[in-house]
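Chains as they are written, first to last, in UniProt numbering: chain S, 1 to 247; chain C, 1 to 228. Presented below is the structure to which this report refers.
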Ligand SMILES: Nc1ncnc2c1ncn2[C@@H]1O[C@H](COP(=O)(O)OP(=O)(O)O)[C@@H](O)[C@H]1O
Ligand SMILES: [Mg+2]
């Protein structure tokens with residue numbers, strides 16, 4: 001079940017120099033909805049994802065979160081980002097901090113939560129993603145799959161309204177992909193609003209409410225996962241699915 | 001040698017001033033250098049420009065001129081350190097010491113800033129984005145994520161900057177501070193036949209201080225390497 005609109009992109013355009021990376025993007029993500037974004041490399045999926053927490057600045061159109069336009073800068077922008085969890089392809093755990101510190105940093109420094117309370121909560125989250133026993137280690141001492149699960153816990157610790165995932169399993173060895181996807185499926189089941197850039201069709205079929213197919217900076221097609229994978233409408237989507245299904 | 005061995009208290013006291021100069025200017029230059037680098041990589045254009053100009057001017061000014069400025073010229077404009085009258089045991093920290101600390105701090109901070117800036121540039125962009133993504137504002141991104149990693153990455157060049165500072169304290173000899181080099185001159189004037197031995201003794205003093213500092217820097221570097 002999904003609810004009222006949470007993230008709304010309205011006629012969004014963005015250029016990198018001459019390159020029109022986002023072309024008139026209209027996308028509404030409802031509360032509790034899981035949207036999978038799929039498409040060829042270079043089609044603008046990452047840029048779309050990053051625009052939602054303003055790691056990329058758009059030039060036209062508007063993006064609102066819970067009815068509020070994204071603030072341009074400063075404290076307000078930082079506050080907005082605290083409401084939007086982000087999981088990167090390359091994990092980006094803070095290399096000089098322990099696993100526990102990675103998860104408590106935001107709650108303590110941004111939310112002003114007491115250290116003890118933040119640590120209790122962080123341990124719960126680390127247990128939930130299955131890396132509770134690694135709390136005292138440093139990121140470099142963990143496998144990729146473990147690091148990515150910590151990254152998810154770090155984002156969840158902020159109690160975000162929406163979670164963005166930019167190819168969270170693309171940098172992982174095959175045997176570690178499922179442990180991360182399991183955590184994401186669990187998150188989806190708990191009702192988290194999610195925007196997930198991924199080519200993992202299993203995840204899309206299990207957890208997604210909707211698949212958005214992008215090509216050349218535009219949304220070409222949107223559908224339920226079943227419809228999209230079994231009966232793609234556009235030639236671009238057919239072509240793309242043909243390529244990823246072959247191997 | 002006997003000149004020094006018979007006056008060991010004077011020898012050690014002089015190196016005491018050297019160490020005080022180094023510690024105070026070392027800490028202050030690191031703090032100032034950190035502020036400067038935050039300005040240089042920050043979002044405010046005016047501050048970026050001010051920090052860049054400061055670094056260019058200070059790096060291109062000989063240290064002796066900095067000293068001369070704060071010892072002779074600055075007092076004319078009312079910048080003086082007469083208020084400084086601190087006595088710790090047999091050590092007296094007065095206006096000369098104050099001018100020396102300020103000169104050494106300002107001078108060294110420019111090099112700290114540049115060393116740290118290289119360290120900042122070595123921090124992967126993904127670390128900054130992750131810090132922003134959890135809602136840290138610029139100050140939090142710098143203090144919690146970028147600067148701690150920049151210090152680790154830049155530790156070897158920053159240690160070199162501080163080692164240069166240890167040796168640069170000797171310039172204070174010319175400006176009224178009774179530190180090691182000033183004491184060395186007192187010895188060579190009084191015991192001119194023992195010049196060679198006196199030079200060796202003072203060289204050893206500097207070497208011991210530099211080596212002790214290098215040892216600490218290397219240990220810190222090894223300790224930090226665990227995480228990175
Ligand atoms: N910072 C940038 N500067 C210039 N061009 C960029 C930048 N980031 C991405 N691009 C370009 O924008 C296009 C879309 O990139 P991206 O959003 O990363 O695509 P995807 O995630 O779908 O592979 C690509 O052609 C890419 O080369
Ligand atoms: Mg991408």
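Glycine included, C-beta positions come from ideal geometry on N, C-alpha and C.
Can you give me the Cβ contacts of residue 169 (chain C) inside the same chain, cut-off strictly under 7 Å, excluding the 5 residues immediately before and after it?
-> Cβ within range, chain order: 18, 21, 22, 104, 179.
Relative to the alpha-carbon of residue 24 (chain S), which residue among S:44, S:36, S:143, S:142 has its alpha-carbon at the smallest distance?
-> S:44
Alpha carbon of residue 37 (chain C) to alpha carbon of residue 101 (chain C), nearest angstrom = 21 Å
Answer with buried or exposed for residue 34 (chain C), where buried requires no fewer than 16 other C-beta atoms within 10 angstroms of its C-beta.
-> Buried: at least 16 other Cβ atoms inside 10 Å.
Does any CB atom of chain C fall closer than 8 Å to the CB of residue 106 (chain S)?
-> yes
Could you please give the first and the last residue of the uninterrupted beta strand (DSSP E) stretch that includes residue 210 (chain S)?
-> 210-215
Tell whether a beta-carbon distance below 8 Å holds between residue 103 (chain S) and residue 34 (chain S).
-> no
Going along chain S in order, which residues have a C-beta closer than 7 Å to the C-beta of residue 132 (chain C)?
-> 55, 81
For ligand 2, any of its heavy atoms closer than 7 Å to the Cβ of residue 239 (chain S)?
-> no
Mind checking whether residue 107 (chain S) and residue 157 (chain S) have CB atoms under 8 Å apart?
-> yes
Just confirm the distance between the C-beta atoms of residue 196 (chain S) and residue 37 (chain S), as a whole number of angstroms; I'd bet it's less than 8 Å.
-> 7 Å
Does the beta carbon of residue 126 (chain C) fall short of 7 Å from some heavy atom of ligand 1?
-> no
Below 6 Å CB to CB, which residues in the same chain sit around residue 77 (chain C) once its five sequence neighbours on both sides are set aside?
-> Nothing listed; no residue qualifies.
What do you reckon, are the CB atoms on residue 152 (chain S) and residue 183 (chain S) nearer than 8 Å?
-> Cβ distance < 8 Å, so residue 152 (chain S) and residue 183 (chain S) count as in contact.
Tell me the DSSP bridge mates of residue 165 (chain S)?
-> S:87, S:196
Against chain C: residues of the region 86-120 of chain S by CB proximity under 7 Å | 86, 88, 90, 92, 94, 95, 96, 105, 106, 109, 110
In chain order, which beta strand (DSSP E) runs of at least 3 residues are fully inside the region 81-126 of chain C?
-> 86-88, 91-93
Identify the continuous alpha helix (DSSP H) that holds residue 102 (chain S) and give its terminal residues.
-> 99-109
Return yes when the Cβ of residue 220 (chain S) is within less than 8 Å of the Cβ of residue 210 (chain S), no when it is not.
-> no
Is the Cβ of residue 158 (chain S) closer than 8 Å to any Cβ of chain C?
-> yes
Beta-bridge partners of residue 16 (chain S), as assigned by DSSP = S:19
Chain-ordered neighbours of residue 152 (chain C) on chain S, where CB pairs are closer than 8 Å | 96
Could you check if residue 145 (chain S) is buried or exposed, using at least 16 other CB atoms within 10 Å of its CB as the buried criterion?
-> buried
List the residues of chain C whose Cβ lies closer than 7 Å to the Cβ of residue 123 (chain S), in chain order.
-> Those within 7 Å of residue 123 (chain S) in chain C number zero; the least Cβ separation is about 18 Å.
Closest Cβ-Cβ distance between residue 154 (chain S) and chain C: below 8 Å?
-> yes
Using a threshold of 7 Å, is the CB atom of residue 56 (chain S) nearer than that to any non-hydrogen atom of ligand 2?
-> Flag unset: Cβ of residue 56 (chain S) not near ligand 2.
What residue ranges within the region 146-178 of chain C form continuous alpha helix (DSSP H) runs of no fewer than 4 residues, ordered along the chain?
-> 147-153, 155-168
Could you tell me which residues DSSP puts in a beta bridge with residue 37 (chain S)?
-> S:197, S:212
Check residue 56 (chain C) in the structure and name its three-state DSSP category.
-> helix
Is there a Cβ from chain C that is less than 8 Å from the Cβ of residue 75 (chain S)?
-> yes
Report all residues from its chain with a CB closer than 8 Å to the CB of residue 229 (chain S); omit the five preceding and five following residues, and keep chain order.
-> 201, 204, 205, 211, 241
Indicate the three-state DSSP secondary structure (helix, strand or coil) for residue 65 (chain S) in the structure shown.
-> Of the three classes helix, strand and coil, the one that applies to residue 65 (chain S) here is strand, per DSSP.
Short Cβ contact (8 Å threshold) for residue 95 (chain C) with residue 84 (chain C) = yes
Quick one: residues in its chain with C-beta nearer than 8 Å to the C-beta of residue 98 (chain S), no 5 flanking neighbours on either side, listed in chain order?
-> 135, 136, 137, 138
Alpha carbon to alpha carbon, what distance is there between residue 140 (chain C) and residue 109 (chain S)?
-> 8 Å
Short check: CB of residue 217 (chain C) to CB of residue 155 (chain C), under 8 Å?
-> yes
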